[in-house]
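Inspection log for the structure reproduced underneath, given as structure tokens.
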Amino acid sequence: MPPPRSDLGRLIELMTTRRVYDPWQDLARRSGVALRWHSGDVGRFRNPFAVTNFRELSVSFSVGMPDWQMRATCAHECAHLDRGPITPSELAREEERVDLLAAQRLIDPALFEALVQTYPEPSATQIHQVLRTSEDHFAIYEQWRRGAGKQTAFLAWEQDLQPWPAPWIENHASDMPTATLRAMAANEADTDFDSTSSGRMGTFAWLPEINH
Ligand SMILES: [Zn+2]
8 MPPPRSDLGR
18 LIELMTTRRV
28 YDPWQDLARR
38 SGVALRWHSG
48 DVGRFRNPFA
58 VTNFRELSVS
68 FSVGMPDWQM
78 RATCAHECAH
88 LDRGPITPSE
98 LAREEERVDL
108 LAAQRLIDPA
118 LFEALVQTYP
128 EPSATQIHQV
138 LRTSEDHFAI
148 YEQWRRGAGK
158 QTAFLAWEQD
168 LQPWPAPWIE
178 NHASDMPTAT
188 LRAMAANEAD
198 TDFDSTSSGR
208 MGTFAWLPEI
218 NH
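In our numbering, each number is its position in the sequence shown, counted from 1, plus 7.
In structure tokens, the structure reads:
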């Protein structure tokens with residue numbers, strides 16, 4: 008039997024009006040960011056899921072991750088790109104902020120509530136298949152939701168994409184290589200670029216450490 012017309016209308020309204028966050032689309036719109044892949048260690052990091060390198064403005068992902076881990080990792084790195092580099096002493100706190108931001112963007116509050124009502128302590132597989140993200144994101148999101156109501160959760164989920172280039176990049180524009188600035192502006196300005204400069208990354212001597 009088909010669903011009642013009112014339910015179908017509600018479903019179509021939700022599907023066509025909600026902006027579902029796609030971390031890969033969010034990464035792809037960031038002109039000037041080089042996408043890389045790795046297998047094993049990256050610098051001082053032991054087999055990281057991903058590494059965002061602020062010096063050369065690149066993101067490297069580990070090969071062979073399942074879909075839910077790729078989504079979780081890509082959303083995490085996009086949050087790093089929004090927020091920019093931090094000092095080593097801020098690193099642990101920054102990782103918590105970035106994980107919460109990624110979880111808020113990825114987890115549909117309606118799906119989260121349906122999941123925990125059905126399975127108060129969902130398994131890893133249930134989290135991966137329903138929310139399409141990691142247990143870490145589920146845990147940090149669940150803790151946040153104890154103090155955040157439904158409306159707050161929906162606002163966080165439906166938030167607009169952050170501007171790109173991010174403010175932290177604009178603040179350092181005078182230090183940045185011309186080729187990188189041109190690559191980042193390629194999606195915004197009606198400017199001619201020569202093929203040798205667009206997309207080529209320089210080295211950001213002014214930027215501190217990489218993040219994972
Ligand atoms: Zn991180």
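Backbone N, C-alpha and C fix where the C-beta goes; we use that ideal spot for every residue, glycine too.
Which whole-angstrom value describes the C-beta separation of residue i and residue j, a residue pair presumed to lie in contact below a C-beta threshold of 8 Å?
i            : j                : result
serine 65    : alanine 41       : 4 Å
proline 116  : alanine 82       : Proline 116 to alanine 82, Cβ: 16 Å. No contact.
serine 69    : phenylalanine 56 : 5 Å
alanine 110  : isoleucine 134   : 11 Å between Cβ atoms; not a contact.
arginine 152 : aspartate 74     : Their Cβ separation, rounded to whole angstroms, is 24 Å, which puts arginine 152 and aspartate 74 out of contact at 8 Å.
Please tell me whether, using a cut-off of 7 Å, the distance from the CB of residue i to the nearest non-hydrogen atom of ligand 1 is below it.
i             : result
valine 49     : no
histidine 135 : no
valine 70     : no
valine 105    : yes
histidine 87  : yes
glutamate 102 : yes
histidine 83  : yes
Identify whether residue i lies in helix, strand or coil by the three-state DSSP scheme.
i                : result
tryptophan 175   : helix
arginine 152     : helix
serine 46        : coil
threonine 140    : coil
threonine 185    : helix
threonine 94     : coil
threonine 198    : Caution applies to threonine 198, whose pLDDT of 30 falls short of 50 and renders its modelled position unreliable; the value that the coordinates give is listed next. Note: threonine 198 maps to coil in three-state DSSP.
arginine 26      : coil
phenylalanine 61 : coil
phenylalanine 52 : strand
serine 130       : coil
serine 13        : helix
valine 66        : strand
alanine 212      : Note on alanine 212: pLDDT 35, under 50, position unreliable in the model; no value is reported.
isoleucine 19    : helix
Assign residue i to buried or exposed, taking buried as 16 or more other Cβ atoms, counted over all protein chains shown, within 10 Å of its Cβ.
i              : result
glycine 39     : buried
glycine 50     : exposed
valine 222     : Since the displayed the chain opens at 8 and closes at 219, residue 222 lies outside it and no answer follows.
asparagine 54  : exposed
serine 141     : buried
arginine 36    : exposed
glutamate 195  : Here glutamate 195 scores only 45 on pLDDT, less than 50, and its place in the model is too uncertain to base an answer on.
leucine 108    : buried
alanine 131    : exposed
serine 96      : exposed
alanine 86     : buried
threonine 125  : exposed
tryptophan 164 : buried
proline 215    : Because proline 215 carries a pLDDT of 41, less than 50, the predicted location of this residue cannot be relied on, and the following value inherits that uncertainty. It counts as exposed.
asparagine 178 : exposed
threonine 198  : Low confidence applies here, because threonine 198 scores a pLDDT of 30, under 50, leaving its location unreliable; read the following figure in that light. By the 10 Å Cβ count, threonine 198 comes out exposed.
For ligand 2, I want to know if residue i counts as a neighbour, meaning its beta carbon is within less than 7 Å of at least one of the ligand's heavy atoms.
i           : result
leucine 113 : What this structure holds is ligand 1, not ligand 2.
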